[in-house]
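> Positions 1 to 279 (the UniProt record's numbering) are the ones given, in order, by the sequence shown. Quick reminder that beta carbons are idealized off the backbone N, C-alpha and C, glycines included. On a predicted model such as this, the values are computed, not experimentally measured, just so you know. Starting off with a structure, shown below.
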Amino acid sequence: MSENQNLLAEQRRALILDEVRRRGGVRVNELTRKLKVSDMTVRRDLDALARQGVIEKVHGGAVPVVEASTHEPGFEAKSSLELSAKEDIARAAAAMAVPGSAIALAGGTTTYALAHHLLDVPDLTVVTNSVRVADVFQSAQRPSGGNGQRPGAATVVLTGGVRTPSETLVGPVADQAIRSLHFDVLFLGVHGISAEAGLSTPNLAEAETNRRFVQSARRVVVVADHTKWGKVGLSSFATLEEVDIFVTDAGLSGEVREEIEEHLPGLVVAGESEGTTDI
1 MSENQNLLAE
11 QRRALILDEV
21 RRRGGVRVNE
31 LTRKLKVSDM
41 TVRRDLDALA
51 RQGVIEKVHG
61 GAVPVVEAST
71 HEPGFEAKSS
81 LELSAKEDIA
91 RAAAAMAVPG
101 SAIALAGGTT
111 TYALAHHLLD
121 VPDLTVVTNS
131 VRVADVFQSA
141 QRPSGGNGQR
151 PGAATVVLTG
161 GVRTPSETLV
171 GPVADQAIRS
181 LHFDVLFLGV
191 HGISAEAGLS
201 TPNLAEAETN
211 RRFVQSARRV
221 VVVADHTKWG
231 KVGLSSFATL
241 EEVDIFVTDA
251 GLSGEVREEI
261 EEHLPGLVVA
271 GESEGTTDI
């Protein structure tokens with residue numbers, strides 16, 4: 001059987017993961033026929049997905065890993081997942097940021113990727129509860145070999161709070177700071193998003209802080225790769241009706257995309273859109 005050269009390994013693994021989650025398990029021979037690749041290629045893909053902790057290999061195939069609703073991976077663990085998808089999402093979302101506006105960036109590895117792309121948007125005021133996001137702007141703030149702030153550099157406000165495994169500051173101190181502010185746009189990463197549970201996270205304190213972010217924003221843009229759809233954390237903090245735009249990647253299956261569009265008309269699939277949605 002000839003190898004299918006049209007799919008990159010990461011795209012192929014995204015399709016495999018979607019198939020495993022949608023069907024509750026797949027067999028190796030089914031994947032070889034569907035993807036038109038060799039048995040060895042499929043097994044390497046399953047090994048890679050198993051190392052990421054998103055599937056469990058079983059005899060002849062794979063099944064999904066069922067996470068506890070309270071499970072919260074650390075920042076480093078999440079940062080190695082869906083890298084190209086996060087970059088695509090970040091580029092599309094950055095095109096929505098208007099120079100001179102006040103934006104909020106909640107914590108997460110996708111908003112961390114987005115922060116790098118926002119460095120070229122002049123005169124932003126950025127409020128964030130992510131230590132990693134704040135570091136991105138801080139490291140780019142000063143011109144090389146000089147003193148003072150780089151012209152057009154963002155003004156960054158880092159909320160206080162208690163640090164989570166996701167390098168995010170949450171709790172009453174963060175909530176109070178956010179409550180008194182107003183943002184043109186909130187860019188929000190999520191642990192999970194679904195039609196039934198809305199936006200959710202395994203961390204109760206983070207849910208409350210995210211709830212404050214949503215309440216303080218004129219527009220809410222969720223940035224999350226396709227693996228987040230259908231995932232549910234312990235605590236919901238917003239409904240889908242509170243989301244204006246969902247920016248995700250092209251790893252969605254047609255069936256999942258139809259389901260999302262039923263609930264979220266503001267869908268942007270990175271790589272298929274120029275990211276010029278008016279927000």
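Going by CA-CA distance only, name the one from LEU17, ALA270, ASP184, GLN52 that's closest to VAL127.
For VAL127, the nearest C-alpha among the options comes from ASP184.
> Would you decide whether LEU49 is buried or exposed? Buried here means 16 or more other CB atoms lie within 10 Å of its CB.
Its Cβ being crowded by 16 or more others within 10 Å, LEU49 is buried.
> Among the residues of its own chain, which have a CB less than 6 Å from the CB of PHE75, if the five just before and after it don't count?
The pLDDT assigned to PHE75 is 48, lower than 50, so where the model puts this residue is not dependable, and the model offers no usable value.
> Please name the residue or residues paired with LYS57 in a DSSP beta bridge.
BP columns for LYS57 point to ALA62.
> Name the DSSP bridge partner or partners of THR159?
THR159 pairs with nothing; no bridge assigned.
> Run through the DSSP bridge pairs and tell me what THR128 is partnered with.
Paired residue(s): LEU105, LEU158.
> For GLY192, which residues from the same chain have a beta carbon less than 7 Å from its beta carbon, with the 5 sequence-adjacent residues on both sides left out?
Excluding sequence neighbours, GLY192 sits near SER200, LYS228, LYS231, VAL232, GLY233.
> Are there 16 or more other CB atoms within 10 angstroms of the CB of ASN210, so buried, or fewer, so exposed?
Buried is the call here.
> Evaluate contact between the stretch 85-92 and the stretch 108-128, counting only Cβ atoms and requiring at least three cross-stretch pairs below 8 Å.
These segments touch.
> Within 10 angstroms of the Cβ of ASP47, are there 16 or more other Cβ atoms? Answer buried if so, exposed if not.
Exposed.
> Would you say SER130 and LEU105 are within 9 Å of each other, going by their C-beta atoms?
Yes. Within cutoff.
> At which residues does the beta strand (DSSP E) containing residue 280 begin and terminate?
Residue coverage of the chain in this structure runs from 1 to 279, which leaves residue 280 outside it and unanswerable.
> Checking 9 Å against the spacing of the C-beta atoms, do VAL157 and ALA205 come in under that value?
Not in contact: VAL157 and ALA205 (Cβ atoms no closer than 9 Å).
> Going straight from the alpha carbon of ARG212 to that of ARG179, what length do you get?
Near 6 Å, if we compare the C-alpha coordinates of ARG179 and ARG212.
> Residues in its own chain within less than 6 Å of ALA177 by CB, not counting five upstream and five downstream?
Contacts found: THR159.
> Does DSSP put ASP278 in a helix, a strand or coil?
No answer about ASP278 holds up, because its pLDDT of 47 lies below 50 and its placement is not dependable.
> Please tell me whether VAL221 and LEU186 are closer than 9 Å, where the distance is taken between their beta carbons.
Cβ atoms of VAL221 and LEU186: closer than 9 Å.
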